[in-house]
Amino acid sequence: MAKPEQCSNCNKPATIHLTQIIDNKIHKVDLCEDCPYKQSVTDPEGFSLADFLIKDPSSIGGESSVKCEVCGFTPADFKKTGRFGCPHCYESFKATLEPMLSNMHKGTVHRGKVPEKALARLSKKRRLDQFEEDLREAIESENFEEAARIRDLLAEAKDSIKKA
Amino acid sequence: MLITPLIEEKAELTDGGLAPEPIVLSTRIRLARNLANEAFPGWADTPQRESVMERCFEKLTPLNALQDGVFLQISDLTDLEKQVLVERRLVSRELIESKDGAGVLIAPSQGLAIMINEEDHLRIQGLHSGFNFLRTWDEVDALDSKIEDCLDYAFSDDYGYLTACPTNVGTGLRASAMLHLPGLVMRGHMEKVVRMVNQLGLAVRGSLGEGSEATGSIFQISNQQTLGESEQQILKRLINILHAIIQQENNARGVMLEKQPEVIFDKIGRAFGILQQGHLISSQEAINLLSLLRLGVDIGMLPEEKRAKIDRMTMEVQPGHVQCTENADIEPEERDKLRSSRLREQFATFPELDFNNIQWIPNPQTDTEHGTNE
C-alpha cells in the first residue's frame, strides 16, 4: 500500500510513518520531518509521540466504557489530559498501556531504584512464588509429607504479607 | 515579602554555589513521586489535594535537608512573588497556575526544592551551577530515600515509580543541563545539533525558532525516557551526549576565533558598551548582552572572577526580579530604565576588555568519570 503523502499535522510531505497495533486495530500516523522537531523545541513539555499515536480515545483500555475501578478515570479523560487519574490506573489500563510505554521508553520494565519497603514486598512475593512452585513439584512427585510442610510455609508467608 | 529570605540569600544559581564554568551553566535533576492510594493532583478534588499537601508539609518540613528552609503555599503568594520563584527555577509555571492545595519547600541554598501537587504529588529537584550531575544525583537520591521513610510511595514492581503522566513512569527522573552555546548559534549549527539530539531521544528547549537565535544562546537539554534503564544509565547517556555537544561548541568557537576574530570581538565589545552605557534595556536584550560577556570571560577577554557576577546579573535582569528589588509592580518601560541603571552600576567597575590575550580552549569539564572517549 502506498504511504500517504501528507503530514497528519500540516500539509508538508510526510517522511515519518508510524504504525501501532492495539487490540488488532491498526493506528497509523504520518508526519513530516519538521513537526516533531518544531514541537520538541517550542513545546515546554517536549515532543510527545503519544499525542500523535493516541488520536482515538478508545485505543486506550480497549473500549471507551472501561473505567478505573479506584478513581473512575476513563480513556476519554486520558485523551483530554494525557495523564492518569491515580496509581491504580496503571493496572486498569495495563493491556493497552504497554505498547504505548514501549514507544515512549527504552523498555517496559523498571530497572532503576526500588524503595526499601517495596523491596521487602518484592522479595516476599518472590519467596511466595518459589513456595508455590515447590508445592507443585512435591505434589507431582507424590511427596505428600513435603507438600504438607510447604503448604504450611506458604500459608504462613501469605499471612505475613496480609498483615504487612 | 514571604520570599525575601530567598532573594537575599546567596543562592546556587547566583554566586553562592559551586564555581561557575564555561558552557554548562547549570545541572538539574528532578524526581517525580506520588503517594500510594491517592488520586494524582490533576484528578484529585480540592479537599484531597489539601489533605495531601498537609500530610507532605507535616512529614517533610522536619527533614534535615530542608532545615531553615522556606515552606510556601502558592495561594499565599502575590503574582510578583510567584514570578520570581519561576525565574529562579524553584517552581514551574504549572505549579503557580494550579488549583488550591499547591506548595513548595525550598532548602536555604536553593539547591534542593520540593514542589507539592504539581503534576505529581511530589517533584523533588536538585540544582547546581556547572556540570555536576553526579553530585546532584547523590543529593536528590538521598533526600528521596529520606522521604520514602516517612511517606508511602506509589510503586509498581513492573513500572517502578508511578506518575500521573506515563512519560515519567519508572525512575521518574528528568535530568537536564542548561548550555551556553553562542559558538554553535553564530556558526548556524544549532538546528543540526537539535536534530541530532532529538534523534538520540533527548529533548532540547530554548527560545529557538527555526534556526534563529535563542535568548542568550541558552539551551536546555534533557532526557525524555524514564523507563527501562537505571538512573545511572540515563545519566551516563545524557552526560556522554553533553560532552559531544561541548566539544562541538568548542570547535565552533575555535573556528570563529581563527577565521573571523573581529566578528566575535565586535559583538562582545558592543555588548560591553551597551551594558556600561545603556539607558533602556529590555530583559531579553540584557540576557543576550550578558551572554556575550560570558563568552568574553570564556575566551580570556575578562578575568574569570567576573563570571559569577555576570551569572548573577543574568538572573536579576528578569522582569520579576527587577520589580522585586523595588518591591512594587512596575510598568515595562520603567523596568527597562531601572534595569539599565543597575547594569551601569555593576559594569562601571569592570576592567577594560583584553583583546590581546585570547585563549579559547576552556578548562576541562567536570563529571569526566562518565566522559566519552575523547
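From first to last, the protein sequence lines stand for chains A and B. For what it's worth, the working numbering labels the leading residue of the first sequence as 16, then goes sequentially. For what it's worth, the working numbering labels the leading residue of the second sequence as 664, then goes sequentially. Built from N, CA and C at the ideal position, the CB exists for glycine as well.
Measuring only between beta-carbons, confirm whether residue i sits less than 7 Å from chain B.
i: I75/A; result: For I75/A, the predicted structure reports a pLDDT of 48, less than 50, and the residue's modelled location is therefore unreliable. A value from the coordinates is still provided. Chain B, which has no Cβ nearer than 7 Å to the Cβ of I75/A, makes this no.
i: K27/A; result: no
i: P102/A; result: yes
i: R141/A; result: no
i: F99/A; result: yes
i: C86/A; result: yes
i: G61/A; result: Interpretation of G61/A is limited by its pLDDT of 42, a score under 50 that renders its predicted location unreliable; no figure is taken from the coordinates.
Buried or exposed for residue i, please, with buried defined as at least 16 other CB atoms from any protein chain shown within 10 angstroms of its CB.
i: D1017/B; result: exposed
i: K173/A; result: exposed
i: W1023/B; result: buried
i: P28/A; result: exposed
i: I165/A; result: buried
i: R902/B; result: The sequence shown places Ile at residue 902/B, not Arg. I902/B is buried by the Cβ-count criterion.
i: F159/A; result: exposed
i: C813/B; result: exposed
i: Q788/B; result: buried
i: N831/B; result: buried
i: L790/B; result: buried
i: G100/A; result: buried
i: K745/B; result: buried
i: K930/B; result: buried
i: A110/A; result: exposed
i: H942/B; result: exposed
i: D167/A; result: exposed
i: G87/A; result: exposed
i: S880/B; result: buried
i: F935/B; result: buried
Please list, in chain order, the chain C residues whose beta carbon lies closer than 8 Å to that of residue i.
i: C47/A; result: The chain inventory of the structure shown lacks chain C, comprising the protein chains A and B.
Taking only beta-carbon positions, decide if residue i is within less than 7 Å of chain A.
i: W1023/B; result: no
i: L890/B; result: yes
i: A877/B; result: no
i: A682/B; result: no
i: E713/B; result: no
i: E912/B; result: no
i: E921/B; result: no
i: G874/B; result: Confidence is the limiting factor: at G874/B the pLDDT is only 38, short of 50, which leaves the residue's position unreliable, though a coordinate-based value still follows. By this cut-off, G874/B is not an interface position.
i: E717/B; result: no
i: E811/B; result: yes
i: A765/B; result: no
i: A728/B; result: no
i: S893/B; result: yes
i: F818/B; result: yes
Just list the residues that DSSP pairs residue i with in beta bridges.
i: Y822/B; result: Answer by DSSP bridge pairing: none, since Y822/B is not bridged.
i: D45/A; result: H32/A
i: A866/B; result: S885/B
i: I759/B; result: Answer is none; I759/B lacks a bridge partner.
i: A776/B; result: I769/B and Q788/B
i: A838/B; result: I692/B
i: G833/B; result: G823/B and Y824/B
i: F734/B; result: L768/B
i: V687/B; result: L842/B
i: L698/B; result: Y816/B
i: Q21/A; result: P28/A
What are the boundary residues of the beta strand (DSSP E) that residue i is part of?
i: N886/B; result: I881 to N886
With residue i as the anchor, note down where its alpha helix (DSSP H) starts and where it stops.
i: Q910/B; result: E894 to K922
i: Q711/B; result: T709 to L723
i: L748/B; result: D742 to E750
i: V985/B; result: P982 to E989
i: F93/A; result: P90 to T96
i: S671/B; result: Note that residue 671/B corresponds to Glu in the displayed sequence, not to Ser. T667 to E671 is the extent of the alpha helix (DSSP H) around E671/B.
i: G959/B; result: S946 to D961
i: A110/A; result: K109 to M119
i: K1000/B; result: P995 to F1010
i: T977/B; result: R970 to E979
Report whether the distance from the Cβ of residue i to the nearest heavy atom of the ligand MN is below 6 Å.
i: L698/B; result: For the structure depicted, the ligand MN is absent and the ligand set is empty, with no information on it obtainable.
Any C-beta of chain B within less than 8 Å: which residues of the stretch 121–135 of chain A qualify? K121, G122, T123, V124, H125, R126, G127, K128, V129, P130, E131, K132 and A133
Using a Cβ-Cβ cut-off of less than 8 Å, list which residues of the stretch 694–711 of chain B approach chain A; keep chain order. N697, A699, N700, E701, A702, F703, G705 and W706
Contact residues within the stretch 149–173 of chain A, judged by C-beta distance below 9 Å to chain B: none
Can you give me, in chain order, the residues of the stretch 821–839 of chain B that have a beta carbon less than 9 Å from any beta carbon in chain A? D821, Y822, G823, Y824, L825, T826, A827, C828, P829, T830, V832, G833, T834, G835 and L836
Taking Cβ-Cβ distances below 8 Å as the criterion, which residues of the stretch 782–803 of chain B are in contact with chain A? E782
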